[in-house]
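Take the sequence shown: its letters are residues 6 to 323, numbered as in the numbering used here. Yeah, the Cβ is synthetic: ideal placement off N, Cα and C, and Gly gets one too.
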Amino acid sequence: MCQPVRRSFTHFSFCATLIPRKIPSSSLALPRTRPGPGSALGFLRSINPRLSGENHYNISLPKICGAYQKMTISSGESSTCSLSQLAPLEAVLFDVDGTLCDSDPIHFYAFCELLPKIGFNGGIPIDEEFYSKNFAGKHNDEIASFLFPDDFERGLKFCEEKEDMFRRLAEEQLKPVNGLYKVIKWVEDRGLKRAAVTNAPKPNAEFMISTLGLTDFFHTVILGSDCEHAKPFPDAYLKALEILNISKDHTFIFEDSVSGIKAGVAAGMPVIGLTTGNPAPMLMEAKPTFLIKDYEDPKLWAVLEELDSIGGVKKGAA
Numbered sequence: 006m007c008q009p010v011r012r013s014f015t016h017f018s019f020c021a022t023l024i025p026r027k028i029p030s031s032s033l034a035l036p037r038t039r040p041g042p043g044s045a046l047g048f049l050r051s052i053n054p055r056l057s058g059e060n061h062y063n064i065s066l067p068k069i070c071g072a073y074q075k076m077t078i079s080s081g082e083s084s085t086c087s088l089s090q091l092a093p094l095e096a097v098l099f100d101v102d103g104t105l106c107d108s109d110p111i112h113f114y115a116f117c118e119l120l121p122k123i124g125f126n127g128g129i130p131i132d133e134e135f136y137s138k139n140f141a142g143k144h145n146d147e148i149a150s151f152l153f154p155d156d157f158e159r160g161l162k163f164c165e166e167k168e169d170m171f172r173r174l175a176e177e178q179l180k181p182v183n184g185l186y187k188v189i190k191w192v193e194d195r196g197l198k199r200a201a202v203t204n205a206p207k208p209n210a211e212f213m214i215s216t217l218g219l220t221d222f223f224h225t226v227i228l229g230s231d232c233e234h235a236k237p238f239p240d241a242y243l244k245a246l247e248i249l250n251i252s253k254d255h256t257f258i259f260e261d262s263v264s265g266i267k268a269g270v271a272a273g274m275p276v277i278g279l280t281t282g283n284p285a286p287m288l289m290e291a292k293p294t295f296l297i298k299d300y301e302d303p304k305l306w307a308v309l310e311e312l313d314s315i316g317g318v319k320k321g322a323a
């Protein structure tokens with residue numbers, strides 16, 4: 006059993022090092038057709054000539070973020086959702102990337118900038134569908150093995166360079182998911198326990214949580230790299246239950262990626278999926294309890310109000 010270690014900004018739990026999984030080289034093959042003008046990457050090329058093979062470029066990241074966001078799909082569900090079986094609710098667990106903040110467009114841009122430099126896919130930039138399927142929500146060890154199946158250390162070095170670019174861009178571009186502070190207040194007002202559970206590297210996790218002003222909100226932060234297996238395995242969420250001393254039967258999760266939803270479901274908890282960065286059909290394959298567009302989604306508040314109405318949460322606890 007791994008023992009938790011206290012950190013200055015919050016609490017991290019430390020477990021065995023993640024063992025990278027080798028992925029066959031054949032899986033690296035990508036379609037060599039370029040995405041159409043209606044895609045986010047097509048829009049990216051329209052404002053960044055360098056991605057079309059020209060010599061100069063002048064890119065605006067907010068435009069990229071807007072283009073990427075238009076590619077996501079709202080949940081479109083009509084079924085009745087409920088979390089009443091969790092009463093009395095004890096805790097809420099949050100992913101970080103794409104769940105607390107709208108970071109996926111920034112990650113996507115960084116990959117588009119750096120992958121051609123290493124000759125990936127013959128220098129043709131990836132599109133948003135490939136990003137969502139192969140990178141979004143995944144741990145860097147898995148990404149490194151995917152990109153460089155025969156040179157894991159080189160893959161890790163690439164990921165470090167990409168994360169450096171992400172943090173530089175995010176200093177000015179990182180924004181909370183719409184309605185985040187409304188749901189944060191709902192959780193705080195009811196005295197619920199809470200944790201951030203993420204596959205992000207520690208510097209990214211600290212940076213995003215601090216930038217969003219949530220350093221004091223979370224009782225613990227669990228890093229996938231500090232557990233035996235990162236998401237999509239359930240280890241990190243199970244560790245959160247252990248550290249917070251809570252039951253999976255009285256806890257739910259917010260997630261935005263396939264790997265994160267799979268991890269939460271495997272840990273035995275209901276998962277509310279956000280379509281902030283990934284298409285709803287893709288997320289539904291991971292079997293979330295239901296999907297929401299963001300934290301202002303009426304579907305979410307109908308569920309939370311139901312919990313309140315049946316006395317399913319404590320109010321006013323410290």
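(request) Assign G124 to buried or exposed, taking buried as 16 or more other Cβ atoms, counted over all protein chains shown, within 10 Å of its Cβ. (result) By one-based count along the sequence shown, residue 124 stands at place 119. By the neighbour-count criterion, in which 16 or more other beta carbons inside 10 Å mark a residue as buried, G124 falls on the exposed side.
(request) Please state whether DSSP places G273 in a helix, a strand or coil. (result) To locate residue 273, count along the sequence shown from 1; it is residue 268. Coil.
(request) Might you give, ordered along the chain, the residues of its own chain that have their beta carbon closer than 7 Å to the beta carbon of K167, omitting 5 neighbours on each side? (result) Counting from 1 along the sequence shown, the entry for residue 167 is found at position 162. Taken in chain order, the residues that qualify are A115, F116 and L119.
(message) Buried or exposed for N250, going by 16 or more other Cβ atoms inside 10 Å?
(response) Within the sequence shown, the letter at position 245 stands for residue 250. Residue environment: N250 is assigned as exposed (fewer than 16 neighbouring CB atoms within 10 Å of its CB, all protein chains considered).
(request) Report yes if the CB atom of H224 is closer than 8 Å to the CB atom of L91, and no otherwise. (result) The count along the sequence shown starts at 1 and reaches residue 224 at position 219. The count along the sequence shown starts at 1 and reaches residue 91 at position 86. No; because the gap between Cβ atoms is not below 8 Å, this pair is not in contact.
(message) According to DSSP, is L185 part of a helix, a strand, or is it coil?
(response) Counted from its first residue, the sequence shown places residue 185 at position 180. DSSP places L185 within a helical segment (H, G or I) once states are collapsed to three.
(request) Taking only the alpha-carbon atoms, compute the straight-line gap between P93 and D313 and give it to the nearest angstrom. (result) Residue numbering aside, residue 93 sits at position 88 when the sequence shown is read from its first letter. Residue numbering aside, residue 313 sits at position 308 when the sequence shown is read from its first letter. Their Cα atoms are separated by approximately 10 Å.
(request) Leaving aside the five residues before and after K267 along the sequence, list all residues of the same chain whose C-beta is less than 6 Å from its C-beta, in chain order. (result) For the purposes of this step, residue 267 is taken as residue 262 along the sequence shown, with counting starting at 1. Non-local C-beta neighbours of K267 in its own chain, meaning closer than 6 Å and more than five positions away in sequence, comprise P237 and A291, ordered along the chain.
(request) Report the option in P293, I297, L288 and S215 whose CA atom is closest to the CA atom of V101. (result) Residue mapping note: residue 101 aligns to position 96 of the sequence shown, counting from 1. It is S215.
(request) Count the CB pairs spanning the stretch 177-195 and the stretch 203-217 that are closer than 8 Å, and state whether there are at least three. (result) The stretch 177-195 is in contact with the stretch 203-217.
(message) Does the structure place the stretch 264-281 close enough to the stretch 239-247 that three or more beta carbon pairs sit under 8 Å?
(response) Flag = yes, the stretch 239-247 and the stretch 264-281 touch.
(request) Quick one: give me the first and last residue of the beta strand (DSSP E) that T203 is part of. (result) Your numbering for residue 203 matches position 198 in the sequence shown. Residues K198 to T203.
(message) Let me check understanding here. Comparing Cα to Cα, which of G160, V188 and C164 lies closest to P208?
(response) Here residue 208 corresponds to residue number 203 of the sequence shown, with the count starting at 1. The shortest Cα separation from P208 among G160, V188 and C164 belongs to C164.
(message) Just verifying my parser: in three-state terms, what is the DSSP assignment at G103?
(response) For the purposes of this step, residue 103 is taken as residue 98 along the sequence shown, with counting starting at 1. DSSP, read as helix, strand or coil, puts G103 in coil.
(request) Please determine, among S89, S230 and A96, the residue with the shortest C-alpha to C-alpha distance to E247. (result) Taking the first residue of the sequence shown as 1, we reach residue 247 at position 242. Taking each of S89, S230 and A96 in turn and checking the Cα distance to E247, the smallest one comes out for A96.
(request) Return helix, strand or coil for G265, following the three-state DSSP convention. (result) Residue mapping note: residue 265 aligns to position 260 of the sequence shown, counting from 1. Three-state result, G265: helix.
(request) Return the residue from the list S87, K138, E260 and L161 that minimises the CA-CA distance to C106. (result) Locating residue 106 in the sequence shown gives position 101, counting from the first residue. It is E260.
(request) Closer than 8 Å by C-beta to S87: which residues in its own chain qualify, once you throw out the five before and the five after it? Chain order, please. (result) As a first step, residue 87 is located in the sequence shown; it is residue number 82 there, counting from the start. Here S87 has V308 and E311 as same chain residues with Cβ atoms under 8 Å from its own Cβ, once five neighbours each way along the sequence are excluded.
(request) Select from G103, M289 and R195 the residue whose C-alpha is nearest the C-alpha of T175. (result) Translated into positions along the sequence shown, residue 175 becomes position 170. Just to set this straight, residue 175 is Ala in the shown sequence, not Thr. It is G103 whose Cα lies nearest to the Cα of A175.
(message) Quick check on K244: buried or exposed, where buried means 16 or more other Cβ atoms within 10 Å of its Cβ?
(response) Counting from one through the sequence shown, the residue named residue 244 turns up at place 239. Counting Cβ neighbours within 10 Å, K244 comes out buried, since at least 16 surround it.
(message) Using C-beta distances below 7 Å, list every residue in its chain close to L185, excluding the 5 sequence neighbours before and after it, in chain order.
(response) The residue you call residue 185 lines up with position 180 of the sequence shown. Within the same chain, and ignoring the five residues on either side of L185 in sequence, the residues whose Cβ sits closer than 7 Å to its Cβ are L105 and Y300.
(message) Give me, in chain order, the residues of the same chain whose beta-carbon lies closer than 6 Å to that of H234; leave out the 5 immediate sequence neighbours on both sides.
(response) Position 229 of the sequence shown holds residue 234. The beta carbon of H234 is closer than 6 Å to those of D240 in its chain, skipping five residues each way along the sequence.
(request) State the DSSP-derived secondary structure class of A92, mapped to helix, strand or coil. (result) In the sequence shown, counting from the first residue as 1, residue 92 sits at position 87. In this structure, A92 counts as coil in the three-state DSSP scheme.
(request) Take F295 as the anchor and find which of D302, M287 and V276 has the nearest alpha-carbon. (result) One-based indexing of the sequence shown puts residue 295 at position 290. Put simply, of D302, M287 and V276 the residue whose alpha carbon is nearest the alpha carbon of F295 is V276.
(message) Can you check which of these residues, E147, L152 and G316, is closest to G127 by C-alpha distance?
(response) As a first step, residue 127 is located in the sequence shown; it is residue number 122 there, counting from the start. Closest by alpha carbon: L152.
(message) Can you tell me which residues form a DSSP beta bridge with I248?
(response) For the purposes of this step, residue 248 is taken as the residue at position 243 of the sequence shown. Looking at the DSSP output, I248 bridges to nothing.
(message) Is the separation between the beta-carbon of F212 and that of R172 shorter than 8 Å?
(response) Residue 212 sits at position 207 when you count from the first residue of the sequence shown. Residue 172 sits at position 167 when you count from the first residue of the sequence shown. Taking 8 Å as the Cβ cut-off, F212 and R172 qualify as a contacting pair.
(message) If the criterion is Cβ atoms closer than 8 Å, does the pair I297 and L288 meet it?
(response) In the sequence shown, counting from the first residue as 1, residue 297 sits at position 292. In the sequence shown, counting from the first residue as 1, residue 288 sits at position 283. Not a contact, by the Cβ cut-off of 8 Å.
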